[in-house]
Amino acid sequence: MFGHSEMILVIVVLLALVFAGVHIAIALGVTAAIGIYLMLGDIDVVRTFVANTAYEALRDYVFAVIPLFMLMGDFLAKCGAASDLYTLANRFSRWLPGRLAVATIISNAIFAFVTGVSIAAAAAFSRIAYPEMRRFGYDRSFSLGCIAGSSCLGMLIPPSVLMIVWGVLTELSIGKLFLAGVLPGLLLATAFCAYVVVAAMLNPALVGGAGGRVQAAPLGAAVATRHLPDTDEPPLGPLIVSTALVLTLIAGVLGSIWLGLCTPTEGAGVGAVGALVLALIKGITLREIWQVVLNVGRTSGPLLLLLFCAQLYSRVLSMTGFTETAKNFLLGTGLEATGILVVMLLIWFVLGCLIDSISIILLTVPIFAPIAATLGIDPLAFAIIGILAIETGLLTPPFGILVFTVKAAVPEPNVPLAEIFRGAIPYWFILFGVILLLVLFPQIATFLPSL
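Counting from 336, one number per residue, gives the positions in the sequence shown under this note's numbering.
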């Protein structure tokens, strides 16, 4: 017999383990085992159930998507493609106020199409963009906030690890999830750029004032920036070729997935090979290739364990009836669909302050997704809204993993965490604004998949 007291016990044990610092995979696995034992009372059945779930989960073809896309992104980051992207974006945004910050956002948006994790982008552009912005007199908090905030794009623009995890848990098409993230991702990047330009026009001191190569014109002037001669800029031709190759790789991989020419796993495999070829052309060494493979293995291995434990946890929730009970409880409150969605968003915002993004998805999506489906919320729009809400935690103290990544990666020592958090505040509010837009107009996410 599995009643309400047992359901509460399972959830309390899970939360206690997570907040006590136990690794999320262990917490999910232990809680699932306890739930099965409370329901069936036979340890042999528990062992068999766990073994069968592990076998079915880890032999799933789709599990190869994560390491392959990470391999693709790491090869391009290691060979200098990210640096080329930034330099080219900087060259073509000279006419904008705060061009270095705008170039950082544009580069992050493009780089997001080849890497599924925001941390890689935060680390790369902390080393590439921050020294340039400081050299031209940009405000330190503004510069650091721009890098941390724009790095969020890596979790929304495909191929995103969060989308893959969400798709595996909910059995949604990963290709459609990738499509659903394109327009919201581009909208978010545009909003970030608009904020930077307006901030630079209202307060030129944020972007170096009249110093450096980029000099701010008075507010309302026809041309907002003027440029001093650049004497040390690299040749334009190699930058265009390098960026064109990256964009061709992105278009080939994602286009073949969206057009149904290959599965996400096959597309990721082609992308990884293509990125390796491009990296070899750009002069990557065998030692660096080995380092990339090791880094991807160290990162993706724990992710695959997490996904297995999450599937086990999700099955137990369904078997015990907890998902149905939670759904009935929320529906029984009398709240409209929008009110219940607001409750879910508040839970995501709070959890974002405490634990990492993937853990939040693993804990909440098996419960929230069936409720959203019952309420008639489009599953693709709900996924993008959820990923955006969870992304806000990347910038929220005290956890804010992107802020910690930027602090660790910037070449300047003794940068206060509070200064990075302060600079990232506007990007948090922009994320929140895009979430509201998607709640009001879910067609932003569903338009491309519906084609």
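Where a beta carbon is used, it is the ideal one built from N, C-alpha and C, also for glycine.
Residue i by DSSP, collapsed to three states: which one?
{"i": "Val542", "result": "strand"}
{"i": "Thr566", "result": "Residue placement at Thr566 is flagged as unreliable, the pLDDT there being 42, under the threshold of 50; the coordinate-derived value follows with that caveat. Coil, per DSSP."}
{"i": "Val750", "result": "coil"}
{"i": "Ile690", "result": "coil"}
{"i": "Asp379", "result": "helix"}
{"i": "Trp501", "result": "helix"}
{"i": "Phe427", "result": "helix"}
{"i": "Gln550", "result": "Confidence is the limiting factor: at Gln550 the pLDDT is only 42, short of 50, which leaves the residue's position unreliable, though a coordinate-based value still follows. Here Gln550 sits in strand by DSSP."}
{"i": "Arg394", "result": "coil"}
{"i": "Lys617", "result": "coil"}
{"i": "Ala355", "result": "coil"}
{"i": "Pro494", "result": "coil"}
{"i": "Ile712", "result": "coil"}
{"i": "Phe767", "result": "helix"}
{"i": "Gly596", "result": "It should be pointed out that residue 596 corresponds to Leu in this sequence rather than to Gly. Coil."}
{"i": "Thr727", "result": "helix"}
{"i": "Val345", "result": "helix"}
Of the residues the options, which one's Cα is nearest the Cα of residue i?
{"i": "Asp474", "options": "Ala457, Met498, Asn538, Arg382", "result": "Asn538"}
{"i": "Leu431", "options": "Ala534, Cys487, Ala724, Leu773", "result": "Ala534"}
{"i": "Val628", "options": "Met407, Leu344, Phe643, Ala351", "result": "Met407"}
{"i": "Gly618", "options": "Thr634, Ser577, Ser635", "result": "Ser577"}
{"i": "Ile361", "options": "Lys413, Leu642, Leu676, Val400", "result": "Leu642"}
{"i": "Leu697", "options": "Val542, Leu775, Ala716, Met498", "result": "Met498"}
{"i": "Val400", "options": "Arg462, Tyr648, Gly636", "result": "Gly636"}
{"i": "Ile675", "options": "Thr709, Pro701, Phe657, Lys511", "result": "Thr709"}
{"i": "Trp501", "options": "Leu584, Ala645, Gly606", "result": "Ala645"}
{"i": "Pro599", "options": "Ser508, Ala743, Ala424", "result": "Ser508"}
{"i": "Leu689", "options": "Ala661, Ser653, Leu730", "result": "Leu730"}
{"i": "Gly606", "options": "Phe448, Phe767, Ile706, Pro751", "result": "Phe448"}
Please go through the same chain and pick out, in chain order, the residues whose beta-carbon is closer than 8 Å to the beta-carbon of residue i, but skip the five residues on each side of it.
{"i": "Ser428", "result": "Arg434, Val437, Ala438, Ile441"}
{"i": "Thr383", "result": "none"}
{"i": "Leu680", "result": "Ile720, Ala724, Ile770"}
{"i": "Tyr530", "result": "Pro761, Tyr762, Ile765"}
{"i": "Ile695", "result": "Trp683, Leu686, Gly687, Ile725, Gly728"}
{"i": "Gly604", "result": "Ala399, Leu403"}
Using C-beta distances below 6 Å, list every residue in its chain close to residue i, excluding the 5 sequence neighbours before and after it, in chain order.
{"i": "Pro732", "result": "Phe756"}
{"i": "Gly758", "result": "Ser476, Phe477, Leu479, Gly480"}
{"i": "Trp683", "result": "Ala724, Ile725"}
{"i": "Phe703", "result": "Met679"}
{"i": "Ala716", "result": "Pro777, Ala780, Thr781"}
{"i": "Ala290", "result": "Lying outside 336 to 786, the shown extent of the chain, residue 290 is not represented and no answer is given."}
{"i": "Thr422", "result": "Leu574"}
{"i": "Thr566", "result": "Note that Thr566 scores 42 on pLDDT, short of 50, meaning its location in the model is unreliable and no value can be drawn from it."}
{"i": "Ala515", "result": "Leu715, Ile719, Ala780, Pro784"}
Chain C beta carbons: is any one of them nearer than 8 Å to that of residue i?
{"i": "Gln646", "result": "Reference to chain C is not applicable here, since this structure consists of a single protein chain."}
Use the C-beta contact count for residue i: other C-beta atoms within 10 angstroms, 16 or more gives buried, fewer gives exposed.
{"i": "Gly590", "result": "exposed"}
{"i": "Ala351", "result": "exposed"}
{"i": "Phe664", "result": "exposed"}
{"i": "Asp419", "result": "buried"}
{"i": "Glu295", "result": "Coverage of the chain is limited to positions 336 through 786, which leaves residue 295 absent and any answer about it impossible."}
{"i": "Gly364", "result": "buried"}
{"i": "Thr505", "result": "buried"}
{"i": "Phe411", "result": "Going by the sequence as given, residue 411 is Leu instead of Phe. It is buried - the Cβ of Leu411 has at least 16 other Cβ atoms within 10 Å."}
{"i": "Val685", "result": "exposed"}
{"i": "Pro746", "result": "exposed"}
{"i": "Pro701", "result": "buried"}
{"i": "Arg469", "result": "buried"}
{"i": "Thr655", "result": "buried"}
{"i": "Gly484", "result": "buried"}
{"i": "Thr740", "result": "buried"}
{"i": "Trp625", "result": "exposed"}
{"i": "Asn387", "result": "exposed"}
{"i": "Thr366", "result": "buried"}
{"i": "Leu563", "result": "Note on Leu563: pLDDT 37, under 50, position unreliable in the model; no value is reported."}
{"i": "Thr450", "result": "buried"}
{"i": "Arg548", "result": "Low confidence applies to Arg548: its pLDDT is 40, below 50, so where it sits in the model is not reliable, and the reading given next is rough at best. Buried."}
Name the DSSP bridge partner or partners of residue i?
{"i": "Tyr473", "result": "Val542"}
Leaving out five residues on either side along the sequence, give the residues of the same chain with a beta carbon under 7 Å from the beta carbon of residue i.
{"i": "Tyr372", "result": "Ile378, Val381"}
{"i": "Leu299", "result": "The shown model of the chain, from 336 to 786, leaves out residue 299, and the question about it has no answer."}
{"i": "Ile592", "result": "Gly510, Phe513, Pro599, Gly602"}
{"i": "Met342", "result": "Thr655, Phe657, Thr660"}
{"i": "Val348", "result": "Thr366, Ile369"}
{"i": "Leu640", "result": "Ala360"}
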